[in-house]
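Chemist:
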Amino acid sequence: MRGSAYLHDDKNTLQYLGQNITVTAKIEQEPKTKEKYTHLKMSNVSINYSTSALKSQVYATVSGDLDIKSGDTVTISGIPTEGFGDYVVSVWRANLVEISRNSRADPFT
Numbered sequence: 060m061r062g063s064a065y066l067h068d069d070k071n072t073l074q075y076l077g078q079n080i081t082v083t084a085k086i087e088q089e090p091k092t093k094e095k096y097t098h099l100k101m102s103n104v105s106i107n108y109s110t111s112a113l114k115s116q117v118y119a120t121v122s123g124d125l126d127i128k129s130g131d132t133v134t135i136s137g138i139p140t141e142g143f144g145d146y147v148v149s150v151w152r153a154n155l156v157e158i159s160r161n162s163r164a165d166p167f168t
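Per the numbering used here, numbering of the sequence shown is gapless, rising by one per residue and ending at 168.
(1) Whose CA, out of S129, S115 and H98, lies closest to the CA of R152?
(2) What residues match up with T43 in a beta bridge as DSSP calls it?
(3) Between the region 85-93 and the region 129-139, are three or more C-beta pairs nearer than 8 Å?
(4) Enumerate in chain order the residues of its own chain whose CB-to-CB distance from E157 is below 6 Å, with the five nearest sequence positions on each side excluded.
(5) Where N71 and G142 are concerned, what is the direct C-alpha to C-alpha distance, given to the nearest angstrom?
(6) Determine, using beta carbons only, whether A84 and V104 come nearer to each other than 7 Å.
(7) If you follow the beta strand (DSSP E) that L99 is part of, which residue opens it and which one closes it?
(8) Which residue's Cα is closest to the Cα of E94: D145, L125, S136 and V148?
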């Protein structure tokens, strides 16, 4: 069962369904490339350049086989739809805006 802080953040994230948004978040797991898209599992989400991070998790796909690693921070833009599993929203075919490599990330990945 998810805690009340997660549920509150999920509700805040869901208000953006169907709107074009910008998401900045940390990559939680090594991305996988399938069918010409890199699949991203993200957390510590900031929407539309907000200074406060939400506990919600976001799943996204971006075109291409990109050099994105676990621990990186990425900024994408796109239109979120309802998510699945632990992901409150999904952003399919998002546009990649920026990748920031975290120097403190696992050096073995």
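Built from N, CA and C at the ideal position, the CB exists for glycine as well.
Modeler: In this structure, then:
(1) Out of S129, S115 and H98, H98 has the C-alpha closest to the C-alpha of R152.
(2) The question about residue 43 has no answer here: the residues shown for the chain are numbered 60 through 168.
(3) Touching, per the Cβ criterion.
(4) The residues are T134.
(5) Those two C-alpha atoms are separated by around 14 Å.
(6) Yes, the pair counts as a contact, with Cβ atoms nearer than the cut-off.
(7) Y96 to I106 is the span of the beta strand (DSSP E), which, as asked, contains L99.
(8) The shortest Cα separation from E94 among D145, L125, S136 and V148 belongs to L125.
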